[in-house]
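In the working numbering, the protein residues as written are 27 to 347. Notes follow the structure.
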Amino acid sequence: MDFELCRHFAYKQRVPEPTTAALNAATRYCAVLGHPIRHSASPAMQNAGIQALGLNWRYLAYDVHPDQLRAAIAGAKAMKFIGLNLTVPHKLLAVEMMDALDVSAQIWGAVNTVRFEARDTTGAWLPVGAFSGEVPDELRAVGYNTDADAIAYSVEADLQLPLAGASVLLLGAGGAGRTAALKLAAAGVAQLFLVNRTVSKAEAVAEEIWKRYPAAAVTVGYPNQPVDLVLNATSAGLKADDPLPFAPDQFALSRAKAVYDMIYHPTETPLLRAAKAAGCKTANGLGMLLHQGAAALQIWSGQPAPLETMHTALRHNVYGS
Ligand code: ATR
27 MDFELCRHFA YKQRVPEPTT AALNAATRYC AVLGHPIRHS ASPAMQNAGI QALGLNWRYL
87 AYDVHPDQLR AAIAGAKAMK FIGLNLTVPH KLLAVEMMDA LDVSAQIWGA VNTVRFEARD
147 TTGAWLPVGA FSGEVPDELR AVGYNTDADA IAYSVEADLQ LPLAGASVLL LGAGGAGRTA
207 ALKLAAAGVA QLFLVNRTVS KAEAVAEEIW KRYPAAAVTV GYPNQPVDLV LNATSAGLKA
267 DDPLPFAPDQ FALSRAKAVY DMIYHPTETP LLRAAKAAGC KTANGLGMLL HQGAAALQIW
327 SGQPAPLETM HTALRHNVYG S
């Protein structure tokens, strides 16, 4: 999978006129599994993308308890699904349930995209989506991770901020914070400051970065200097009365050029509001959601994802506009 290539082409391609293929016996399925799943925007975004590509596929959403994840994946495989997306709380659990792992899932230690594959007549594994007729019965599940690339891509594209050489204050050291921290180190940021409410978790992430990228300049704590980017990977801001995800007496937002909040609902978190007031460039996490989904559709279809169409559907679903 070449995500860079996908994005390059996706911006240049002409988006085809959407046509809704009739639901019939040849219709193939993809789905997102999560617990809970009710508010997922992925079906709206992915079905718009599928339709724009003219595929006779549908994308569904299932509430699957973690205890049933293995059975659900096996069921989708038995029914020759195209693939799956996995969201909270399945991404780590699924690693052990794959028949093979793409390098992206190996690097990030989590699976958010599953591609089912079958052997062609030469014995080579091909995506189920590449078979135009009958799909052989023996399938394998290959795990991918499109989240980490999506973080970096969205930050760079939405804020026009190259990560290589940037100084970054990262807030949060949970699942999203860990992935973001490792991706920022991999992207070659010049300096990375890690802050988390529970300091020991930020220290554990710093240790992991040093093991993988011994030359990385990582500090646990607030910077004494201005930074190019503040990236919020905490869940503080999801609710209107949440506190800011950092201590304002330790760091002034006027010292940051740009602020990215991984939260996309509400559109403007208290952090983004404060950042705008301080004169920072800002972006919320909708772009991350878009790019992880676009990469998944490309992995399943082998075609560049229709980004504009997916973005419009996503915005409409999440913000109603
Ligand atoms: P996710 O998978 O979305 O990252 P998570 O692993 O539960 O979810 O991590 C949530 C993150 O938000 C953590 O960094 C958490 O800080 P702690 O590790 O100290 O729990 C952070 N977080 C949640 N509520 C917060 C708050 N009110 N203020 C600051 N940080 C908060």
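Note that the Cβ used here is the ideal one computed from N, Cα and C, for glycine as well.
So the beta strand (DSSP E) GLY60 belongs to, where does it begin and stop?
54-60
First through last residue of the beta strand (DSSP E) which encompasses VAL246
244-246
Go ahead and label TYR179 buried or exposed: buried means 16 or more other beta carbons lie within 10 angstroms of its beta carbon, across all protein chains shown.
buried
Would you say the beta carbon of ARG223 is closer than 6 Å to some non-hydrogen atom of the ligand PLP?
You won't find the ligand PLP in this model; what it holds is the ligand ATR.
In three-state DSSP terms, what is ARG40?
Its pLDDT being 45, under 50, ARG40 is placed unreliably by the model, and the measurement read from it follows with that caveat. In the structure shown, ARG40 sits in coil (DSSP, three-state: anything other than H, G, I, E or B).
Should HIS317 be labelled buried (16 or more other beta-carbon atoms within 10 Å of its own) or exposed?
buried
For ILE289, which of ALA278, MET314, ASP267 has the nearest alpha-carbon?
MET314
Tell me the DSSP secondary structure of MET27 in three-state form.
Note that MET27 has pLDDT 31, beneath the 50 cutoff, so the model's placement of it is unreliable and the number below is only indicative. Coil.
Three-state secondary structure assigned by DSSP to SER193
strand
Residue range of the beta strand (DSSP E) that includes PRO153
151-153
Tell me the rounded alpha-carbon separation between HIS65 and ASP89.
11 Å
Around the Cβ of PRO271, are there at least 16 other Cβ atoms within 10 angstroms (buried) or fewer (exposed)?
buried
Closer than 7 Å by C-beta to ALA15: which residues in its own chain qualify, once you throw out the five before and the five after it? Chain order, please.
Residue 15 cannot be examined here, being either before or after the span of the chain that is shown, 27 to 347.
Excluding five sequence neighbours on each side, which residues of the same chain lie with their C-beta closer than 6 Å to the C-beta of PHE219?
LEU195, THR245, PRO249
Go through its chain and collect everything with a Cβ distance to ASP268's Cβ below 6 Å, but skip five positions before and after it.
ALA262
Sufficient close CB pairs (3 or more, under 8 Å) joining the stretch 134-147 to the stretch 165-180:
yes
Proximity of MET279 and ALA242 at Cβ, strictly below 7 Å
At residue 279 the sequence reads Leu, which differs from the Met that was named. Contact: no.
By Cβ distance, which residues of its chain are closer than 7 Å to ILE235, with the 5 residues on each side in sequence left out?
ALA207, LEU208, ALA211, ALA242, VAL244
Taking 6 Å as the cut-off, is the C-beta of GLY271 nearer than that to any heavy atom in the ligand ATR?
For the record, residue 271 in the displayed sequence is Pro; it is not Gly. Yes - the ligand ATR has a heavy atom lying nearer than 6 Å to the Cβ of PRO271.
Quick check: is any heavy atom of the ligand ATR less than 6 Å from the C-beta of THR260?
yes
Looking at the secondary structure, which residues open and close the alpha helix (DSSP H) in which LEU298 lies?
296-303
Below 8 Å CB to CB, which residues in the same chain sit around ARG96 once its five sequence neighbours on both sides are set aside?
MET123
Hey, does ARG238 have any beta-carbon neighbour from chain B nearer than 7 Å?
Within the model displayed, chain B is absent; a lone protein chain is all it includes.
Ordered along the chain, which non-local residues of its own chain (more than five positions away) have a Cβ less than 7 Å from that of TYR345?
THR293
With a Cβ-Cβ cutoff of 7 Å, do ALA104 and VAL58 count as a contact?
no
Taking the continuous beta strand (DSSP E) assigned at ASN310, which residues delimit it?
307-310
Just the C-alpha distance for ARG166 and GLY319, rounded to the nearest angstrom, thanks.
21 Å
Within the same chain, show all residues whose beta-carbon is closer than 7 Å to that of LYS117, passing over the 5 residues directly before and after it, in chain order.
ALA136, VAL137, ASN138
Can you tell me whether PRO42 is buried or exposed, with buried defined as 16 or more other CB within 10 angstroms of its CB?
Low confidence applies to PRO42: its pLDDT is 49, below 50, so where it sits in the model is not reliable, and the reading given next is rough at best. Classification for PRO42: exposed.
In angstroms, rounded to a whole number, what distance separates the CA positions of LEU340 and ALA176?
15 Å
In terms of alpha-carbon separation, which member of SER158, THR147, VAL285, ALA301 lies closest to LEU81?
SER158
Could you say which of ASP275, ASN222, LEU119 lies nearest to LEU257 if we only look at CA atoms?
ASN222
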